[in-house]
Amino acid sequence: MRSATVGKIVFACLLVTVLLFSTVHGNAQSVAANGQTRKYVIFRDDDVAPRTKFAELQAVNQVHIDKNVPVTLGIVAHQNASAGNQLLQDAQFLDYMRSIASNHLFEFAQHGYTHQSVTMVSPSEFYGRPYAVQYDTIKKGRDDIKQAFGVVPTTFIPPFDKSDNNTLKAAKALGFTDYSTAYRDFNIQQGQSQGIKVEAASLELSNKSLASLKNETEQFLNNPHSVDAFVVLYHPSDFSGPNGTVNSQRVKLLADYIDYLKGTGRVQFTTFNRSLTTESPVRSSGVASPSETNASAYVEGDILTGNGLTSGFSTILIFACFALVVVGFVFLVGRSSSKR
Ligand SMILES: [Zn+2]
């Protein structure tokens, strides 16, 4: 009779524990979902360089200005072996880039140095080279960008999306805080490695249709396990028409894709360094929104802090439940043995 009572009470305690555990777990999930209703979309424009695809670069950047959507420009500092800072040698490019350098819609990032492949394994400017060589090469490109535009880049993008741990270490040592490459480089979609934040490309524009872009984006947005940033990669050459013209249909496609993204009400736009974040109202009709939040309004740790608090809270509750069971058990066993 007495042991049956003890059994019932222990069972009740366990039941309460299980119920509390599942409730807490459910709360943690819904809080995380609420905290991340808007995923980040980062546009990454690779191969921004003097003497190439200038009209395309301007046309695409104008879309970003018209739509109030930021973009990270991956700048190639030194395409060929000729001497001097080549960023200074194309006056049209130099003047234009200087004119947008202070516009927070544009993050100036470094996309390698020469963008020439030096390895035999697969195209890469850095992969497999000694640390000292990689460090020196990245430093030269960074110094060129600083000299030309007065901007010290904090995001590094290895050419051909191919690099190794020494590239990460060298970039970190040179003060870069953000890094974007292919997922396969480090098996990281979004995370830290060698003390630097890595965010891999999620989607490549190339010559895809709007329907295809929408489809890939929907998959990302509807996947509960998605990371918080969707990196859309394109090149100025993706917008080239025949005979050196700009392909206006492709430029329009980018504008339409941005309108679609705004229309979902589920994204906000930013750059790798998060210096500017813009978004449209939840019930957007696809019209470009003037609303924006600046760097001071954006706190990178917000979501992490929210999750941290939630998981901390659930840990305490779970611990309390287990403690309750243990105390109840010890109390009952102690009582039954004292009566024996
Ligand atoms: Zn490139």
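Quick note, this note's numbering runs 20 ahead of the 1-based positions in the sequence shown. From the three backbone atoms N, C-alpha and C, an ideal C-beta is built for every residue, glycine too. Every value quoted in this text rests on a predicted model; they were computed, and no experiment measured them.
| query | result |
| --- | --- |
| Please determine, among Ile216, Val138, Phe180, the residue with the shortest C-alpha to C-alpha distance to Leu194. | Ile216 |
| Is it the case that the CB of Phe292 approaches a heavy atom of ligand 1 more closely than 8 angstroms? | no |
| Could you tell me if the beta carbon of His98 falls within a distance shorter than 8 angstroms of some heavy atom in ligand 1? | no |
| Does the beta-carbon of Asp66, which I'm using as the reference point, lie nearer than 8 angstroms to any heavy atom of ligand 1? | yes |
| Do Ala103 and Tyr151 count as a contact pair if the criterion is CB distance below 9 angstroms? | no |
| Alpha carbon to alpha carbon, how far is Lys59 from Glu127? Give it in angstroms, no decimals. | 19 angstroms |
| If you draw a straight line from the alpha carbon of Ile177 to that of Gln154, how long is it in whole angstroms? | 13 angstroms |
| Classify Asp205 as helix, strand or coil using the three-state DSSP reduction. | helix |
| Using C-beta distances below 6 angstroms, list every residue in its chain close to Val171, excluding the 5 sequence neighbours before and after it, in chain order. | Ala121, Phe128 |
| Leaving out the 5 sequence neighbours to the left and right, which residues in its chain are closer than 7 angstroms to Gly94 when beta-carbon positions are compared? | Arg64, Asp65, Asp66, Asp67, Val68, Ala129, His131, Ile177 |
| In whole angstroms, what separates the C-alpha of Tyr280 from that of Val251? | 16 angstroms |
| Per the contact definition of three or more C-beta pairs closer than 8 angstroms, is the segment 251-265 in contact with the segment 216-228? | yes |
| For Gln109, which residues from the same chain have a beta carbon less than 7 angstroms from its beta carbon, with the 5 sequence-adjacent residues on both sides left out? | Pro70 |
| State buried or exposed for Asp248, treating a residue as buried only when at least 16 other CB atoms are found within 10 Å of its CB. | exposed |
| Should Glu76 be labelled buried (16 or more other beta-carbon atoms within 10 Å of its own) or exposed? | buried |
| With the cut-off set at 9 angstroms, would you say Tyr147 and Thr139 are in Cβ contact? | yes |
| Take Ser144 and list the residues in its own chain whose beta-carbon comes closer than 8 angstroms to its own, dropping the five residues that flank it on each side. | Ser137, Val138, Pro178, Pro179, Phe180, Lys182, Ser183 |
| Nearest CA to the CA of Ile165: which residue from Phe113, Val287, Asn81? | Phe113 |
| Between the alpha carbons of Val273 and Ser232, how many angstroms are there, rounded? | Checking the sequence shown, residue 273 turns out to be Leu, not Val. Cα to Cα, Leu273 sits roughly 12 angstroms from Ser232. |
| Alpha carbon to alpha carbon, how far is Asp156 from Ala221? Give it in angstroms, no decimals. | 26 angstroms |
| Where does Asp248 sit, in a helix, a strand or coil, going by DSSP? | coil |
| For Arg64, report the span of its beta strand (DSSP E) as first-last. | 59-68 |
| Mind checking His98: buried by the 16 CB within 10 Å criterion, or exposed? | buried |
| Let me know if Thr174 comes out buried or exposed under the rule of 16 or more other beta-carbons within 10 Å of its beta-carbon. | buried |
| Return the chain-ordered list of same chain residues with a C-beta closer than 6 angstroms to the C-beta of Phe196, the five sequence neighbours on each side being excluded. | Thr174, Phe176 |
| Around the Cβ of Gln362, are there at least 16 other Cβ atoms within 10 angstroms (buried) or fewer (exposed)? | With the chain running from 21 to 360 in the structure shown, residue 362 is simply not present. |
| How is the alpha helix (DSSP H) around Lys217 delimited, first residue to last? | Taken as a continuous stretch (DSSP letters only), Lys217 belongs to no alpha helix (DSSP H), being part of the beta strand (DSSP E) at 216-219. |
| Say the cut is 8 angstroms; is the CB of Gly94 nearer than that to a heavy atom of ligand 1? | yes |
| For His84, I'd like the list of residues in its chain whose CB is within less than 6 angstroms of its CB, leaving aside the five on either flank, ordered along the chain. | Val91, Leu125 |
| Under DSSP, the alpha helix (DSSP H) around Val364 begins and ends at which residues? | With the chain running from 21 to 360 in the structure shown, residue 364 is simply not present. |
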